[in-house]
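As C-alpha coordinates, the structure follows; a few thoughts come after it.
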Amino acid sequence: MKEHSLQLANGVTLSVRQLASATLASINVWIAFDRSGPASQDIGLAHLVEHLISRRLRSTFGDTYQAILGATTDEALCFFGRMPVEVLPHYMGALIDALQGISAPENAAELAPLMAVETRIIERELERQAQGTFSALDAKLGIRAGHDIWRGDVQTLCVFAEGLLCGARVYAELLSGLEVGRALDLLAPLSALPPGKKPSHEPPSPIAQPARCLDEATATIGLRFPVTTHGAREYALMLGATQFFCSSRPESLASRLRGEGLSYHLDRRFFLTGGVGEHVLYVKSAATGLARLDTLLSEYFSTGSASTHSLSTALATSSLYQKLSVENIGVLASRSGKHYLNYGAIPSLDEMINGIDRYSVSDFQAALYQNYFDQSFVELAS
(Lines of atoms letter the chains of each structure in order from A and count residues from 1; the text may use other names and numbers.)
(Lines give C-alpha, C1' and ligand atoms only; values in the text may rest on other atoms or scores of the structure.)
Protein backbone atom coordinates (compact mmCIF):
# COMPACT_ATOMS: atom_id res chain seq x y z
CA MET A 1 0.00 0.00 0.00
CA LYS A 2 1.37 3.39 -1.03
CA GLU A 3 0.85 6.63 0.84
CA HIS A 4 1.32 10.12 -0.55
CA SER A 5 1.27 13.19 1.68
CA LEU A 6 0.94 16.81 0.69
CA GLN A 7 0.49 20.11 2.47
CA LEU A 8 -1.54 22.76 0.67
CA ALA A 9 -0.57 26.42 0.66
CA ASN A 10 -3.25 27.16 3.24
CA GLY A 11 -1.85 24.57 5.67
CA VAL A 12 -4.26 21.68 5.03
CA THR A 13 -2.46 18.34 5.36
CA LEU A 14 -3.60 15.70 2.87
CA SER A 15 -2.82 12.00 2.85
CA VAL A 16 -3.80 9.69 0.01
CA ARG A 17 -3.49 5.95 0.65
CA GLN A 18 -3.98 3.72 -2.37
CA LEU A 19 -6.13 0.65 -1.85
CA ALA A 20 -7.77 -1.74 -4.30
CA SER A 21 -11.14 -0.12 -5.05
CA ALA A 22 -11.30 2.68 -7.61
CA THR A 23 -15.07 3.10 -7.23
CA LEU A 24 -15.42 3.50 -3.46
CA ALA A 25 -13.43 5.79 -1.18
CA SER A 26 -13.14 6.36 2.54
CA ILE A 27 -12.56 9.93 3.72
CA ASN A 28 -11.44 10.81 7.24
CA VAL A 29 -11.26 14.49 8.19
CA TRP A 30 -9.90 15.88 11.48
CA ILE A 31 -10.36 19.55 12.42
CA ALA A 32 -8.27 20.50 15.44
CA PHE A 33 -9.47 23.09 17.93
CA ASP A 34 -7.78 25.30 20.49
CA ARG A 35 -8.64 25.14 24.18
CA SER A 36 -9.07 28.51 25.81
CA GLY A 37 -10.83 27.60 29.04
CA PRO A 38 -11.42 24.49 31.19
CA ALA A 39 -10.72 21.47 28.99
CA SER A 40 -14.02 19.74 29.77
CA GLN A 41 -16.01 22.85 28.78
CA ASP A 42 -14.04 23.32 25.55
CA ILE A 43 -14.57 19.68 24.63
CA GLY A 44 -18.27 20.12 25.38
CA LEU A 45 -18.42 23.07 22.98
CA ALA A 46 -16.52 21.12 20.29
CA HIS A 47 -18.88 18.18 20.77
CA LEU A 48 -21.90 20.43 20.18
CA VAL A 49 -20.37 21.88 17.00
CA GLU A 50 -19.60 18.36 15.77
CA HIS A 51 -23.24 17.36 16.39
CA LEU A 52 -24.50 20.37 14.45
CA ILE A 53 -22.22 19.62 11.49
CA SER A 54 -23.14 15.92 11.55
CA ARG A 55 -26.81 16.89 11.64
CA ARG A 56 -26.36 18.96 8.48
CA LEU A 57 -24.46 16.13 6.75
CA ARG A 58 -27.16 13.61 7.64
CA SER A 59 -29.86 15.90 6.27
CA THR A 60 -27.88 16.22 3.02
CA PHE A 61 -26.84 12.59 2.53
CA GLY A 62 -29.25 10.66 4.72
CA ASP A 63 -28.35 6.98 5.01
CA THR A 64 -27.27 6.73 1.38
CA TYR A 65 -23.60 6.02 2.08
CA GLN A 66 -21.86 3.82 4.59
CA ALA A 67 -20.34 5.20 7.78
CA ILE A 68 -20.99 8.91 7.50
CA LEU A 69 -20.46 9.75 11.14
CA GLY A 70 -18.86 12.29 13.43
CA ALA A 71 -16.99 12.12 16.73
CA THR A 72 -15.02 14.40 19.06
CA THR A 73 -11.76 13.86 20.90
CA ASP A 74 -10.05 16.21 23.33
CA GLU A 75 -8.18 17.77 20.38
CA ALA A 76 -10.27 17.50 17.22
CA LEU A 77 -13.65 17.17 15.56
CA CYS A 78 -13.66 14.06 13.38
CA PHE A 79 -15.81 13.18 10.36
CA PHE A 80 -15.80 9.88 8.50
CA GLY A 81 -17.48 8.77 5.30
CA ARG A 82 -17.40 5.92 2.81
CA MET A 83 -18.97 6.64 -0.57
CA PRO A 84 -18.59 6.47 -4.36
CA VAL A 85 -15.61 8.53 -5.45
CA GLU A 86 -17.72 10.88 -7.56
CA VAL A 87 -19.61 11.97 -4.42
CA LEU A 88 -16.46 13.06 -2.57
CA PRO A 89 -16.33 16.70 -3.79
CA HIS A 90 -20.00 17.09 -2.84
CA TYR A 91 -19.32 15.64 0.62
CA MET A 92 -16.28 17.84 1.21
CA GLY A 93 -18.19 20.91 0.03
CA ALA A 94 -21.12 20.05 2.31
CA LEU A 95 -18.78 19.66 5.29
CA ILE A 96 -17.24 23.10 4.74
CA ASP A 97 -20.65 24.68 4.06
CA ALA A 98 -21.97 23.25 7.33
CA LEU A 99 -19.06 24.70 9.27
CA GLN A 100 -19.43 28.07 7.56
CA GLY A 101 -23.15 28.08 8.30
CA ILE A 102 -22.54 27.47 12.00
CA SER A 103 -19.92 30.20 12.14
CA ALA A 104 -22.18 32.85 10.58
CA PRO A 105 -23.80 35.15 13.22
CA GLU A 106 -26.69 35.90 10.86
CA ASN A 107 -27.79 32.27 11.29
CA ALA A 108 -28.23 32.68 15.07
CA ALA A 109 -32.03 32.46 14.95
CA GLU A 110 -31.86 29.16 13.06
CA LEU A 111 -29.03 27.77 15.22
CA ALA A 112 -30.56 28.39 18.65
CA PRO A 113 -33.30 25.72 18.50
CA LEU A 114 -30.92 23.22 16.89
CA MET A 115 -28.42 23.82 19.69
CA ALA A 116 -31.12 23.00 22.22
CA VAL A 117 -32.05 19.78 20.40
CA GLU A 118 -28.45 18.57 20.06
CA THR A 119 -27.62 19.52 23.67
CA ARG A 120 -30.43 17.23 24.86
CA ILE A 121 -29.07 14.43 22.66
CA ILE A 122 -25.58 14.91 24.14
CA GLU A 123 -27.06 14.90 27.66
CA ARG A 124 -28.69 11.53 26.99
CA GLU A 125 -25.42 10.16 25.57
CA LEU A 126 -23.52 11.14 28.70
CA GLU A 127 -26.26 9.82 30.99
CA ARG A 128 -26.09 6.43 29.27
CA GLN A 129 -22.33 6.38 29.74
CA ALA A 130 -22.61 7.29 33.43
CA GLN A 131 -25.11 4.47 33.96
CA GLY A 132 -23.11 1.95 31.98
CA THR A 133 -22.40 -1.62 33.00
CA PHE A 134 -18.99 -0.74 34.41
CA SER A 135 -19.72 2.63 36.01
CA ALA A 136 -18.99 1.33 39.54
CA LEU A 137 -15.64 -0.10 38.44
CA ASP A 138 -14.83 3.10 36.55
CA ALA A 139 -15.24 5.11 39.73
CA LYS A 140 -12.94 2.77 41.66
CA LEU A 141 -10.37 2.86 38.86
CA GLY A 142 -10.42 6.67 38.79
CA ILE A 143 -11.99 6.92 35.33
CA ARG A 144 -14.29 9.81 34.46
CA ALA A 145 -15.97 9.38 31.09
CA GLY A 146 -17.42 12.24 29.11
CA HIS A 147 -17.23 15.98 29.69
CA ASP A 148 -19.21 18.93 31.01
CA ILE A 149 -22.26 20.00 29.03
CA TRP A 150 -21.63 23.33 27.31
CA ARG A 151 -24.53 25.77 27.77
CA GLY A 152 -23.20 29.01 26.28
CA ASP A 153 -24.79 31.43 23.83
CA VAL A 154 -25.04 31.29 20.06
CA GLN A 155 -22.49 34.06 19.56
CA THR A 156 -19.78 32.12 21.44
CA LEU A 157 -20.55 29.01 19.40
CA CYS A 158 -20.29 30.99 16.14
CA VAL A 159 -16.91 32.43 17.15
CA PHE A 160 -15.63 28.96 18.05
CA ALA A 161 -16.81 27.52 14.71
CA GLU A 162 -15.25 30.42 12.81
CA GLY A 163 -11.91 29.57 14.42
CA LEU A 164 -12.15 26.08 12.92
CA LEU A 165 -12.24 27.50 9.38
CA CYS A 166 -8.49 27.38 9.09
CA GLY A 167 -6.44 25.21 6.74
CA ALA A 168 -3.68 24.58 9.26
CA ARG A 169 -6.19 22.87 11.57
CA VAL A 170 -7.34 20.31 8.99
CA TYR A 171 -5.97 16.86 8.25
CA ALA A 172 -7.72 14.81 5.57
CA GLU A 173 -7.01 11.20 4.72
CA LEU A 174 -8.41 9.57 1.59
CA LEU A 175 -8.31 5.80 1.07
CA SER A 176 -9.09 4.63 -2.46
CA GLY A 177 -7.65 2.97 -5.55
CA LEU A 178 -7.56 6.23 -7.48
CA GLU A 179 -4.49 7.65 -9.15
CA VAL A 180 -2.96 10.16 -6.73
CA GLY A 181 -3.53 13.25 -8.88
CA ARG A 182 -7.20 12.41 -9.31
CA ALA A 183 -7.57 11.72 -5.60
CA LEU A 184 -6.08 15.09 -4.69
CA ASP A 185 -8.43 16.80 -7.16
CA LEU A 186 -11.39 15.33 -5.27
CA LEU A 187 -10.17 17.03 -2.08
CA ALA A 188 -9.91 20.41 -3.84
CA PRO A 189 -12.70 22.06 -1.76
CA LEU A 190 -10.27 22.11 1.17
CA SER A 191 -7.99 24.49 -0.73
CA ALA A 192 -10.64 27.21 -0.29
CA LEU A 193 -10.11 27.32 3.48
CA PRO A 194 -8.17 30.38 4.67
CA PRO A 195 -4.66 29.88 6.11
CA GLY A 196 -4.00 30.20 9.80
CA LYS A 197 -2.09 28.85 12.77
CA LYS A 198 -2.25 25.37 14.18
CA PRO A 199 -3.84 25.15 17.64
CA SER A 200 -1.65 24.86 20.69
CA HIS A 201 -2.39 22.46 23.50
CA GLU A 202 -1.13 22.10 27.01
CA PRO A 203 1.47 19.36 27.52
CA PRO A 204 0.17 15.90 28.37
CA SER A 205 -0.76 15.46 32.01
CA PRO A 206 0.70 12.58 34.04
CA ILE A 207 -1.44 9.46 34.18
CA ALA A 208 -1.84 6.93 36.94
CA GLN A 209 0.10 3.69 37.11
CA PRO A 210 -1.49 0.35 36.17
CA ALA A 211 -4.32 -0.63 38.49
CA ARG A 212 -6.69 -3.52 39.02
CA CYS A 213 -9.94 -3.78 40.91
CA LEU A 214 -12.25 -6.71 41.62
CA ASP A 215 -16.01 -6.07 41.84
CA GLU A 216 -17.70 -9.07 43.43
CA ALA A 217 -21.18 -7.64 42.92
CA THR A 218 -20.85 -7.98 39.15
CA ALA A 219 -18.16 -10.72 39.14
CA THR A 220 -15.98 -8.41 37.07
CA ILE A 221 -12.31 -7.46 37.25
CA GLY A 222 -11.20 -4.12 35.82
CA LEU A 223 -7.63 -3.52 34.65
CA ARG A 224 -6.45 0.02 33.90
CA PHE A 225 -3.41 0.36 31.62
CA PRO A 226 -1.68 3.73 31.12
CA VAL A 227 -0.88 3.89 27.41
CA THR A 228 1.86 6.18 26.13
CA THR A 229 3.84 5.97 22.92
CA HIS A 230 6.50 8.02 21.19
CA GLY A 231 4.54 9.50 18.31
CA ALA A 232 0.98 9.86 19.68
CA ARG A 233 -0.26 6.51 18.38
CA GLU A 234 -2.17 5.53 21.51
CA TYR A 235 -5.40 4.78 19.68
CA ALA A 236 -3.74 2.40 17.24
CA LEU A 237 -2.03 0.62 20.10
CA MET A 238 -5.19 0.29 22.20
CA LEU A 239 -7.23 -1.00 19.26
CA GLY A 240 -4.51 -3.45 18.27
CA ALA A 241 -4.14 -4.64 21.85
CA THR A 242 -7.88 -5.31 22.07
CA GLN A 243 -7.78 -7.32 18.85
CA PHE A 244 -4.84 -9.31 20.19
CA PHE A 245 -6.48 -10.04 23.57
CA CYS A 246 -9.75 -11.17 21.96
CA SER A 247 -8.27 -13.12 19.05
CA SER A 248 -8.20 -16.88 18.58
CA ARG A 249 -4.40 -16.97 18.69
CA PRO A 250 -3.13 -19.38 21.35
CA GLU A 251 -1.22 -16.54 23.04
CA SER A 252 -4.30 -14.33 23.42
CA LEU A 253 -6.07 -13.66 26.71
CA ALA A 254 -9.29 -15.14 25.34
CA SER A 255 -7.53 -18.40 24.44
CA ARG A 256 -5.93 -18.61 27.88
CA LEU A 257 -9.30 -18.20 29.58
CA ARG A 258 -11.00 -20.72 27.30
CA GLY A 259 -8.16 -23.15 27.90
CA GLU A 260 -8.94 -23.04 31.63
CA GLY A 261 -12.61 -23.73 30.96
CA LEU A 262 -13.67 -20.33 32.27
CA SER A 263 -16.86 -18.65 31.18
CA TYR A 264 -15.97 -15.02 30.55
CA HIS A 265 -16.88 -11.79 28.77
CA LEU A 266 -14.30 -9.24 27.61
CA ASP A 267 -15.10 -5.56 27.16
CA ARG A 268 -13.03 -2.40 27.17
CA ARG A 269 -13.05 1.36 26.93
CA PHE A 270 -10.46 3.78 25.64
CA PHE A 271 -9.76 7.15 27.23
CA LEU A 272 -7.66 9.99 25.79
CA THR A 273 -7.09 13.05 27.92
CA GLY A 274 -4.53 15.70 27.16
CA GLY A 275 -2.81 13.53 24.58
CA VAL A 276 -2.24 10.50 26.80
CA GLY A 277 -4.29 7.32 26.90
CA GLU A 278 -5.76 4.89 29.36
CA HIS A 279 -7.15 1.54 28.30
CA VAL A 280 -9.55 -0.14 30.71
CA LEU A 281 -10.14 -3.84 30.19
CA TYR A 282 -13.15 -5.44 31.89
CA VAL A 283 -13.25 -9.21 32.33
CA LYS A 284 -16.49 -10.69 33.64
CA SER A 285 -16.80 -14.24 34.89
CA ALA A 286 -19.32 -16.50 36.51
CA ALA A 287 -19.21 -15.77 40.23
CA THR A 288 -17.83 -19.24 41.00
CA GLY A 289 -14.86 -18.64 38.69
CA LEU A 290 -13.90 -15.20 39.91
CA ALA A 291 -10.96 -16.26 42.10
CA ARG A 292 -9.45 -18.37 39.31
CA LEU A 293 -9.98 -15.52 36.83
CA ASP A 294 -8.15 -13.16 39.17
CA THR A 295 -5.18 -15.54 39.34
CA LEU A 296 -5.07 -16.01 35.57
CA LEU A 297 -5.12 -12.28 34.87
CA SER A 298 -2.22 -11.79 37.25
CA GLU A 299 -0.30 -14.58 35.57
CA TYR A 300 -1.02 -13.16 32.13
CA PHE A 301 -0.14 -9.50 32.64
CA SER A 302 1.92 -9.13 35.79
CA THR A 303 5.65 -8.80 36.38
CA GLY A 304 7.56 -12.00 35.72
CA SER A 305 4.71 -13.66 33.84
CA ALA A 306 5.74 -16.64 31.75
CA SER A 307 2.87 -15.97 29.34
CA THR A 308 4.79 -13.16 27.66
CA HIS A 309 7.61 -15.48 26.57
CA SER A 310 6.19 -16.12 23.08
CA LEU A 311 4.61 -12.68 22.66
CA SER A 312 7.19 -11.35 20.23
CA THR A 313 6.84 -14.31 17.89
CA ALA A 314 3.05 -14.21 18.14
CA LEU A 315 2.92 -10.55 17.15
CA ALA A 316 5.51 -10.85 14.42
CA THR A 317 3.43 -13.51 12.69
CA SER A 318 0.03 -11.91 13.32
CA SER A 319 -1.99 -9.80 10.90
CA LEU A 320 -2.90 -7.14 13.46
CA TYR A 321 -0.70 -4.47 11.97
CA GLN A 322 -1.75 -5.23 8.42
CA LYS A 323 -5.43 -5.06 9.35
CA LEU A 324 -4.98 -1.71 11.08
CA SER A 325 -3.06 -0.23 8.18
CA VAL A 326 -5.66 -0.88 5.50
CA GLU A 327 -8.99 -0.45 7.29
CA ASN A 328 -10.98 2.73 7.25
CA ILE A 329 -10.39 3.72 10.85
CA GLY A 330 -13.94 5.02 11.35
CA VAL A 331 -15.50 1.80 10.09
CA LEU A 332 -13.03 -0.29 12.08
CA ALA A 333 -13.86 1.64 15.25
CA SER A 334 -17.59 1.31 14.70
CA ARG A 335 -17.24 -2.47 14.43
CA SER A 336 -15.22 -2.84 17.57
CA GLY A 337 -17.84 -2.43 20.28
CA LYS A 338 -18.61 0.43 22.62
CA HIS A 339 -16.85 3.73 22.08
CA TYR A 340 -17.29 6.86 24.11
CA LEU A 341 -16.49 10.51 23.62
CA ASN A 342 -13.14 11.85 24.80
CA TYR A 343 -11.64 8.54 25.61
CA GLY A 344 -10.11 7.43 22.41
CA ALA A 345 -13.07 6.56 20.23
CA ILE A 346 -11.30 8.28 17.36
CA PRO A 347 -7.58 9.02 17.08
CA SER A 348 -6.35 12.53 17.67
CA LEU A 349 -5.10 14.78 14.88
CA ASP A 350 -1.42 14.23 15.75
CA GLU A 351 -1.96 10.50 15.93
CA MET A 352 -3.20 10.31 12.39
CA ILE A 353 -0.64 12.75 10.97
CA ASN A 354 2.09 10.54 12.38
CA GLY A 355 0.17 7.67 10.80
CA ILE A 356 -1.18 4.34 11.97
CA ASP A 357 0.20 2.86 8.76
CA ARG A 358 3.68 4.17 9.61
CA TYR A 359 3.51 2.24 12.88
CA SER A 360 5.98 -0.52 12.08
CA VAL A 361 5.42 -4.06 13.25
CA SER A 362 8.50 -3.99 15.49
CA ASP A 363 7.39 -0.70 17.09
CA PHE A 364 3.93 -2.14 17.67
CA GLN A 365 5.36 -5.28 19.29
CA ALA A 366 7.57 -3.24 21.60
CA ALA A 367 4.82 -0.78 22.56
CA LEU A 368 2.31 -3.54 23.27
CA TYR A 369 4.74 -5.34 25.53
CA GLN A 370 5.84 -2.18 27.36
CA ASN A 371 2.32 -0.89 27.96
CA TYR A 372 0.45 -4.09 28.83
CA PHE A 373 2.78 -6.86 29.93
CA ASP A 374 5.21 -7.34 32.79
CA GLN A 375 3.16 -4.85 34.80
CA SER A 376 3.09 -4.14 38.52
CA PHE A 377 -0.54 -3.28 39.33
CA VAL A 378 -1.84 -1.10 42.14
CA GLU A 379 -4.53 -3.15 43.88
CA LEU A 380 -7.59 -0.98 44.48
CA ALA A 381 -10.16 -1.72 47.17
CA SER A 382 -13.28 -3.54 45.98
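Each residue of the sequence shown is one higher than the one before, counting from 682 in this note's numbering. Here a beta-carbon is modelled for each residue, glycine too, at the ideal position from N, C-alpha and C.
Proximity to residue i [Cα-Cα], best of the options
i, options, result
"G844", "L895, P876, A706, L750", "P876"
"Y772", "G743, Y1053, S966, S717", "G743"
"L780", "S928, L729, L818", "L729"
"S707", "S928, F760, L874", "F760"
"F1058", "A1048, L971, A1047, V961", "V961"
"G921", "L769, A1047, L776, R716", "A1047"
"A713", "Q836, V697, I824, E731", "E731"
"D639", "Q1051, L687, N1052, Q1056", "The question about residue 639 has no answer, for the chain in this structure spans 682 to 1063."
"R973", "L943, D829, S983", "L943"
"A789", "R809, V840, V766", "V840"
"E897", "L971, S735, A797", "L971"
"L938", "S966, L859, P794", "S966"
"S735", "E767, D778, E932, V766", "D778"
"G905", "L978, G858, A842, R716", "The sequence given here has Arg at residue 905, not Gly. Ranking the options by Cα distance to R905, first place goes to L978."
"A889", "V908, T899, K878", "V908"
"L859", "L733, Q1051, D975, E767", "E767"
"T754", "L769, R716, E787", "R716"
"E959", "S936, S983, L918", "L918"
"Y1053", "G762, K879, F925, A968", "F925"
"P870", "V861, E806, L769", "L769"
"L1064", "L838, Q1051, T704", "Because residue 1064 is not part of the residues shown, which for the chain are 682 to 1063, the question remains open."
"G1146", "G823, K878, G718", "What is shown of the chain runs 682 to 1063, which leaves residue 1146 out entirely."
Local conformation of residue i per DSSP, three classes
i, result
"A757", "strand"
"D948", "strand"
"S966", "strand"
"E694", "For clarity, residue 694 is Thr in the given sequence; the question names Glu instead. Correct three-state label for T694: strand."
"S872", "helix"
"R763", "strand"
"E959", "strand"
"H732", "helix"
"L738", "helix"
"L943", "coil"
"A785", "coil"
"L859", "coil"
"L792", "helix"
"A706", "strand"
"S686", "strand"
"I712", "strand"
"A820", "helix"
"E897", "coil"
"S936", "helix"
"S983", "strand"
"G921", "helix"
"R832", "coil"
"L726", "helix"
"E801", "Contrary to the premise, residue 801 reads as Arg rather than Glu in this sequence. It is helical."
"S721", "helix"
"F1054", "coil"
"G877", "coil"
"G743", "coil"
"L846", "coil"
Those residues which DSSP pairs with residue i across a bridge
i, result
"A892", "R905, V1059"
"D778", "None, per the DSSP bridge assignment."
"G751", "F760"
"V851", "I712"
Buried/exposed call for residue i, threshold 16 Cβ in 10 Å
i, result
"H946", "exposed"
"S881", "exposed"
"E756", "buried"
"L940", "Note on residue identity: the sequence assigns Gly, not Leu, to residue 940. Exposed, since its Cβ has fewer than 16 Cβ neighbours within 10 Å."
"V798", "exposed"
"D1055", "exposed"
"E1148", "In the structure as shown, the chain starts at 682 and stops at 1063, and residue 1148 therefore has no counterpart that could be examined."
"M1033", "Because the pLDDT at M1033 is just 38, under 50, the model does not fix this residue reliably, and the value given afterwards should be weighed accordingly. Classification for M1033: buried."
"S929", "exposed"
"L738", "buried"
"E808", "exposed"
"A752", "buried"
"E787", "exposed"
Beta-carbon spacing of residue i, residue j below 7 Å
i, j, result
"T923", "R950", "no"
"L855", "A864", "yes"
"A775", "T800", "no"
"C927", "K821", "no"
"H685", "V697", "yes"
"A720", "L758", "no"
"A892", "L1049", "no"
"L792", "V835", "yes"
"F815", "Y963", "yes"
"L846", "N691", "no"
"H828", "I902", "no"
"A853", "V710", "yes"
"I783", "A842", "yes"
"R689", "S872", "In the sequence on display, residue 689 carries Leu and not Arg. Yes, these two residues count as a Cβ contact at 7 Å."
"L868", "L695", "yes"
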